[in-house]
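Q: Here the working numbering is used: position 4 in the sequence shown is 563, and no number is missing along the way.
Heads up, the beta-carbon is just placed ideally off N, CA and C, and yes, glycines get one too.
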Amino acid sequence: MAEKDEWCSRPLDRVYAAVFIDATVVKVRDGQVANRAFYVAVGVDLEGGRDVLGIWASPAAEGARYLLSVLTELKNRGVDDVFFLICDGLKGLP
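1) Quick one: using the 10 Å Cβ neighbour count with 16 as the cut-off for buried, is Asp612 buried or exposed?
2) For Gly602, collect the residues of the same chain with a Cβ closer than 6 Å to its Cβ; drop the 5 residues on either side in sequence, then sort them by chain order.
3) Is it the case that the Cβ atoms of Val638 and Arg569 are separated by a distance below 9 Å?
4) Ignore the nearest five residues each way along the sequence and tell me which others in Val629's own chain have a CB closer than 8 Å to its CB.
5) Measure from the alpha carbon of Leu605 to the alpha carbon of each residue in Ala561, Asp564, Phe643, then state which is nearest.
6) Compare the beta carbon distance of Leu571 and Leu626 with 9 Å and say whether it is the shorter of the two.
7) What are the start and end residues of the alpha helix (DSSP H) that includes Val629?
8) Between the alpha carbons of Val587 and Lys563, how many angstroms are there, rounded?
9) Which value, in whole angstroms, describes the spacing of the CA atoms of Gly590 and Gly607?
Set out below in structure tokens:
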């Protein structure tokens, strides 16, 4: 578990050429069945290398407020600039 926590909080590159963010909604049983969105962010660095920046489980289905917290976490982990942010119809992003 410590290794997972270390990976989830590791510092990220300052600049990415592109960041891809997508979510998939999954039915989760936690006392009752509910829809939860799982977000994945993949960064492409300036040399073309790809890295999974993080995976997050939202407490509900897709939502702008939770997506903002994901982007804030990326910034807090060191990301200063992204040339292209690519998403597929995520609520909260144009």
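A: In brief:
1) Within the sequence shown, the letter at position 53 stands for residue 612. For clarity, residue 612 is Leu in the given sequence; the question names Asp instead. Around the beta-carbon of Leu612, 16 or more other beta-carbon atoms lie within 10 Å, marking it buried.
2) Counted from its first residue, the sequence shown places residue 602 at position 43. Tyr575, Val578, Asp610, Leu612, listed in sequence order.
3) As a first step, residue 638 is located in the sequence shown; it is residue number 79 there, counting from the start. As a first step, residue 569 is located in the sequence shown; it is residue number 10 there, counting from the start. Not a contact, by the Cβ cut-off of 9 Å.
4) Walking along the sequence shown from the start, residue 629 turns up at place 70. Taken in chain order, the residues that qualify are Ile580, Tyr598, Ala600, Gly613, Trp615.
5) Here residue 605 refers to the residue found at position 46 when the sequence shown is read from its first residue. Considering only alpha carbons, the answer is Phe643.
6) Taking the first residue of the sequence shown as position 1, residue 571 is located at position 12. Taking the first residue of the sequence shown as position 1, residue 626 is located at position 67. Going by C-beta atoms, Leu571 is not nearer than 9 Å to Leu626.
7) Your numbering for residue 629 matches position 70 in the sequence shown. From DSSP, the alpha helix (DSSP H) with Val629 extends over 623 to 635.
8) The residue given as residue 587 occupies position 28 in the sequence shown. The residue given as residue 563 occupies position 4 in the sequence shown. Straight-line Cα distance between these residues: approximately 21 Å.
9) For the purposes of this step, residue 590 is taken as residue 31 along the sequence shown, with counting starting at 1. For the purposes of this step, residue 607 is taken as residue 48 along the sequence shown, with counting starting at 1. Straight-line Cα distance between these residues: approximately 43 Å.
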